[in-house]
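2 protein chains.
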Amino acid sequence: MPLKNNHSIMCRLWIKGENGAFLGEGRVALLEAIKKHGSISGASRSMSMSYRKAWELVDSMNKEFGTPLVLAVSGGKNGGGAQVTPSGDKIIKNFLNFRNKCMDVLNREIENYDFT
Amino acid sequence: MPLKNNHSIMCRLWIKGENGAFLGEGRVALLEAIKKHGSISGASRSMSMSYRKAWELVDSMNKEFGTPLVLAVSGGKNGGGAQVTPSGDKIIKNFLNFRNKCMDVLNREIENYDFT
Chain A
-1 MPLKNNHSIM
9 CRLWIKGENG
19 AFLGEGRVAL
29 LEAIKKHGSI
39 SGASRSMSMS
49 YRKAWELVDS
59 MNKEFGTPLV
69 LAVSGGKNGG
79 GAQVTPSGDK
89 IIKNFLNFRN
99 KCMDVLNREI
109 ENYDFT
Chain B
-1 MPLKNNHSIM
9 CRLWIKGENG
19 AFLGEGRVAL
29 LEAIKKHGSI
39 SGASRSMSMS
49 YRKAWELVDS
59 MNKEFGTPLV
69 LAVSGGKNGG
79 GAQVTPSGDK
89 IIKNFLNFRN
99 KCMDVLNREI
109 ENYDFT
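Residue numbers (this note's numbering), protein chains in the order written: chain A, -1 to 114; chain B, -1 to 114.
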């Protein structure tokens, strides 16, 4: 018997390298929040995350991809902040596409699966 | 470009119903620990989990499946404990098979995926 109608499969995906996780749903949400808020501090506040934690997550991505996904910007009317780079944008998009594709596959798999 | 050789896709899967998650990797590990230790208290200790938390996880599974996956046993040389039922055994097996199948699929998907 496949899952009942009111049951659904949930999934958390991430990618790990030699130094642990460097891309996943939390980091992608952080990149999106940096885009929205224009700074790491604003993004971290919006996610109830410490600035230090957010900075470490950004740093882990910048290092692993070998190209910055987030850049500090100085000056301007808000006295500086952070911007997601075109590489960062592409990684957000690619990760979310990959995630959607995986969810489609998992939903297909589970339809034919007996859990009882 | 697909993932680098030293990168791997990781995944946590669970199944949720109207009352939230009721089957996932943590619950399946708990069922396996109950089999190994012969009691909910022994299993919870081995997973550094409170007895109350373990009991709640077992209860959520028993309720959602409508058939007990774990039964209390009384008496015997160890003064009682808990046993995983044949239904519980089947669910452990089916979940782990499903998880392996999903990991195979995700690893295949990611091979053809550009993350950069």
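Glycine residues also receive a C-beta, built at the ideal position from the N, C-alpha and C atoms.
These numbers were taken from a predicted model, which means no experiment stands behind them.
Below-8 angstroms beta-carbon distance, A/Asp112 vs any chain B residue = Yes, because at least one Cβ of chain B sits closer than 8 angstroms to the Cβ of A/Asp112.
Buried or exposed by the 16-neighbour rule on C-beta atoms within 10 Å, applied to B/Ala70 | So B/Ala70 ends up on the exposed side.
Whole-Å CB distance - B/Gly79 paired with B/Leu67, under 8 angstroms assumed = Between B/Leu67 and B/Gly79 the Cβ distance is about 15 angstroms, and since that is not below 8 angstroms, they are no contact.
Using 8 angstroms as the limit for Cβ to Cβ distance, is B/Gly15 near chain A?
-> Yes, B/Gly15 lies at the interface with chain A (some Cβ there is under 8 angstroms from its Cβ).
Which residues DSSP lists as bridging B/Val68, in chain order | Under DSSP, the beta-bridge partners assigned to B/Val68 are B/Val82.
Determine, using beta carbons only, whether A/Lys61 comes closer than 8 angstroms to chain B.
-> It does not; no Cβ of chain B falls within 8 angstroms.
Report the residues of the segment 92 to 113 of chain A with a CB closer than 8 angstroms to any CB of chain B, ordered along the chain.
-> Taking a C-beta cut-off of 8 angstroms against chain B, the contacting residues of the segment 92 to 113 of chain A are Asn92, Phe93, Phe96, Lys99, Cys100, Val103, Leu104, Glu107, Ile108, Tyr111, Asp112 and Phe113, listed in chain order.
Assigned secondary structure, B/Phe113 (DSSP; H/G/I helix, E/B strand, else coil) = In this structure, DSSP gives B/Phe113 a state outside helix and strand, which the three-state scheme calls coil.
Rounded straight-line distance, which links the Cα of B/Ile7 to that of B/Asn105 = Cα to Cα, B/Asn105 sits roughly 7 angstroms from B/Ile7.
Give the single residue among A/Lys14, A/Phe113 and A/Ser72 whose Cα lies nearest to the Cα of B/Ile108.
-> Ranked by Cα distance from B/Ile108, the first of A/Lys14, A/Phe113 and A/Ser72 is A/Lys14.
Would B/Met8 count as contacting chain A if we go by Cβ distances under 8 angstroms?
-> With its beta carbon less than 8 angstroms from one in chain A, B/Met8 belongs to the interface.
Going straight from the alpha carbon of B/Asn92 to that of B/Ser39, what length do you get?
-> Across the structure, B/Asn92 and B/Ser39 are spaced so that their CA atoms are roughly 25 angstroms apart.
Checking contacts by CB at 8 angstroms: is A/Ile89 closer than that to chain B?
-> Using beta-carbon distances, A/Ile89 counts as an interface residue toward chain B, with a partner under 8 angstroms.
Does B/Leu11 come within less than 8 angstroms of chain A when only Cβ atoms are used?
-> Closer than 8 angstroms to some Cβ of chain A, the Cβ of B/Leu11 qualifies, so yes.
Any beta-carbon of chain A closer than 8 angstroms to the one on B/His5?
-> Residue contact check for B/His5 against chain A: a CB pair falls below 8 angstroms.
Alpha carbon of A/Ser48 to alpha carbon of A/Gly36, nearest angstrom | Looking at the two C-alpha atoms, the distance is approximately 16 angstroms.
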